[in-house]
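Working notes, structure below.
Written as structure tokens, this is what we have:
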């Protein structure tokens, strides 16, 4: 490897001197001059908003194959005064796992294979098959089996992590406070109406969080043109942990308005259901889940809300009219209830449990490559979010951490103050935010692990203020 950049050469020397000889860290370190640099960088950029020529690029990318590579990258980033972004599946909606305004390095984590271990057993994780373990678990881990088994984070018994000093910690050595914090505290820290749709969705609000805990019924609502008329489409998609006969009995008794028939049901294994929920055709080989490339590149923006009281039919109809007016935004309604709400709000940093009927994900996507298109679509999703204010949670208006949203607020470059970070932190974590700040201040007093919405370190901030 020939490197002419003095910074790159110095960084590589640092990496080589601090890591084990085999496997060599140089074989998994990629500089802009490396032919694989662009393909590795682009492989997990799932939002075209952050794939433009003007988007800041990392000085280097490290794809660790050994824990020593992680330790070394942390040590050398600190030595060279560089920020580090940690990317697992690249699903951070605002790109915080692979973009920074300050000079930075990407630690790219993507080596995890649960399906290879078992095609029979499943795990309560996300709906999208390309989420990465690191970001998904540390944000709480919402998925379509959560009503039966809880969140991903509710099933974590132990963890191995590397701290800001490069030390390898497990449950015993990190202590219960830090284990609590990483289980949902954040990793590297949203015409006419089709007849009957309003009635069915209104009733769904009274059923979805209380029905059999093995049944997860999601609703996707979006504007569409049908027979030349602007309308709203509501699509119900469900996962049931059981057979078709059981499901028909449950819905017939508890949710007859849905009108579920045997023809609507498809029995399959858990891993087949992962493919189904990702819109892969029947018979698609499981190996497609290991493909790093996004199925379809697009520009996107997403936001979230929590609903704690059923929205009236009148208000629902008002929402449909607003969505038709704005043309593009879609909503995905994800039910709560079941195992997730049986767990205390303080058991992990993830606080959105009992009292929440469902979560809303607002989404807008577009393909036009222009500032005008970007501004138009960002304005659309922000307008529907503002319109929904009377219908959602209050004091605070809560949001889901893994639907990252910089509209909620951001830290300044460097060390954020508590008051600055609490603007967005209370929306993600409610009463758990203060404890997260306390843990962060203990384990990372220098605030090495930082980004636009990372938990602040009071030690670092107070030290800065004293200068």
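Numbering (UniProt numbering), first residue to last: 1 to 467.
We put the beta carbon where it would ideally sit given N, CA and C, even for glycine.
- In this structure residue 235 is exposed. Its beta-carbon is surrounded by fewer than 16 other beta-carbon atoms within 10 angstroms.
- Within the stretch 252 to 285, the complete alpha helix (DSSP H) runs of at least 4 residues fall at 270 to 277.
- Residue 330 holds the alpha-carbon nearest to the alpha-carbon of residue 221 among 395, 313, 357 and 330.
- Minimum Cα-Cα distance from residue 232 among the listed residues 165, 259, 324 and 246 corresponds to 324.
- Between residue 428 and residue 399, the gap from beta carbon to beta carbon is short of 8 angstroms.
- Between residue 12 and residue 26, the gap from beta carbon to beta carbon is short of 8 angstroms.
- Look at residue 167 here: in three-state DSSP terms it is coil, with no helix or strand label.
- Minimum Cα-Cα distance from residue 246 among the listed residues 258, 257 and 265 corresponds to 265.
- Of all C-beta pairs linking the stretch 59 to 73 to the stretch 14 to 25, three or more are shorter than 8 angstroms, placing the two stretches in contact.
- Residue pairing by DSSP places residue 83 opposite 104 in a beta bridge.
- Counting C-beta pairs closer than 8 angstroms gives fewer than three between the stretch 413 to 425 and the stretch 364 to 382, which falls short of the contact rule.
- Rounded to the nearest whole angstrom, the CA to CA distance from residue 44 to residue 109 is 10 angstroms.
- In the structure shown, residue 35 falls within a coil segment according to DSSP collapsed to helix, strand and coil.
- The three-state secondary structure of residue 229, taken from DSSP, is strand.
- Straight-line spacing of the CA atoms in residue 164 and residue 82 works out to 13 angstroms.
- When C-alpha distances from residue 287 are compared across 297, 299, 298 and 274, the shortest belongs to 274.
- Taking all protein chains shown into account, residue 197 has 16 or more neighbouring C-beta atoms within 10 Å of its C-beta and is therefore buried.
- Residue nearest to residue 339 within the set 356, 251, 381 and 385 is 356 (criterion: CA-CA distance).
- Burial of residue 303 is indicated by the presence of at least 16 other C-beta atoms within 10 angstroms of its C-beta.
- DSSP, read as helix, strand or coil, puts residue 334 in strand.
- The beta-carbon distance between residue 162 and residue 70, rounded to whole angstroms, is 5 angstroms. This is short enough to meet the 8 angstroms contact definition.
- A check of alpha carbon separations from residue 102 across 344, 450 and 244 identifies 450 as the nearest.
- Look at residue 308 here: in three-state DSSP terms it is coil, with no helix or strand label.
- Under a 10 Å Cβ-count criterion, residue 386 is classified as exposed, with fewer than 16 other Cβ atoms of the shown protein chains found around its own Cβ.
- Remark: C-beta atoms of residue 333 and residue 360 approach each other more closely than 8 angstroms.
- Bridge pairing for residue 223: 232 [DSSP].
- Shown here, residue 302 sits in a strand according to DSSP, grouped into three states.
- In the three-state DSSP reduction, residue 99 falls in the coil class, being neither helix nor strand.
- Spanning the alpha carbons of residue 379 and residue 30 requires a straight line of approximately 37 angstroms.
- Boundaries around residue 385 are those of the alpha helix (DSSP H), 371 to 387, since no beta strand (DSSP E) includes it.
- Close CB contacts of residue 214 within its chain, under the 7 angstroms cut and outside five residues either way in sequence, are with 148, 240, 241 and 242 (chain order).
- For the pair residue 279 and residue 217, the Cα-to-Cα distance works out to about 16 angstroms.
- In the displayed model, residue 359 falls within a strand according to three-state DSSP.
- DSSP, read as helix, strand or coil, puts residue 217 in strand.
- When 77, 46, 54 and 49 are compared, the shortest CA-CA separation from residue 60 is found for 77.
- At the C-beta level, residue 435 and residue 407 stay beyond 8 angstroms of one another.
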